[in-house]
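Chemist: Residue 0 is where the sequence shown starts when you use numbering that gives the first Met the number 0, and the numbers rise one by one after that.
Even for Gly, the Cβ is constructed at its ideal location relative to N, Cα and C.
The structure displayed is predicted, hence computed values, not measured ones.
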Amino acid sequence: MNLSLLLFLIGIIGFVLNRKNIILMLISIEIMLLAITFLILVSSLSFDDILGQTYAIYVIAIAGAESAIGLGILVAFYRFTPLKSNRLSF
């Protein structure tokens with residue numbers, strides 16, 4: 000449980016410190032989602048419940064789809080707007 004909290008904090012710190020780089024922000028969001036998934040899996044194993052493991056599989060699938068869509072939008076945006084990568088910040 001402490002490992003998932005540590006991973007979640009690393010994701011938050013990475014998200015806050017890398018506001019200029021969108022790809023690193025997406026990676027930080029993925030780290031946070033995987034930390035939550037790991038916490039769900041550990042809780043599922045400790046309570047001996049299969050529902051948590053099923054839910055974790057759905058979270059992993061949704062996280063993969065989210066990262067694919069986000070990177071696809073980023074590539075399309077960069078293709079039509081040839082900006083430098085440091086100008087993609089908010």
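Pick helix, strand or coil for Met-0, following the three-state DSSP scheme.
Modeler: If DSSP states are grouped into helix, strand and coil, Met-0 belongs with coil.
Chemist: Looking at the structure shown, is Thr-36 part of a helix, part of a strand, or coil, going by DSSP?
Modeler: Correct three-state label for Thr-36: helix.
Chemist: With Ser-3 and Leu-38 assumed to form a contact (beta carbons below 8 angstroms), what rounded beta-carbon distance in angstroms separates them?
Modeler: Indeed, because the Cβ distance is near 4 angstroms, the residues count as touching under 8 angstroms.
Chemist: Can you tell me the Cα-Cα spacing of Arg-78 and Ser-42, whole angstroms?
Modeler: So the two alpha carbons sit approximately 43 angstroms from each other.
Chemist: Ignore the nearest five residues each way along the sequence and tell me which others in Asn-17's own chain have a CB closer than 7 angstroms to its CB.
Modeler: Leu-23, Met-24, Ser-27, listed in sequence order.
Chemist: Look up Arg-18 in the DSSP assignment and say whether it is helix, strand or coil.
Modeler: Coil, per DSSP.
Chemist: Compare the Cα-Cα distances from Ile-61 to each of Lys-19, Met-0, Asn-1, Glu-29 and report the closest residue.
Modeler: It is Glu-29 whose Cα lies nearest to the Cα of Ile-61.
Chemist: Quick check: the Cα distance between Ala-74 and Ile-21, rounded to an integer number of angstroms?
Modeler: With the sequence shown as reference, residue 74 is identified as Val, and Ala is not the correct amino acid for it. Spanning the two alpha carbons is a distance of roughly 11 angstroms.
Chemist: Roughly how many whole angstroms lie between the Cα atoms of Phe-46 and Gly-10?
Modeler: The straight-line gap from Cα to Cα measures roughly 27 angstroms.
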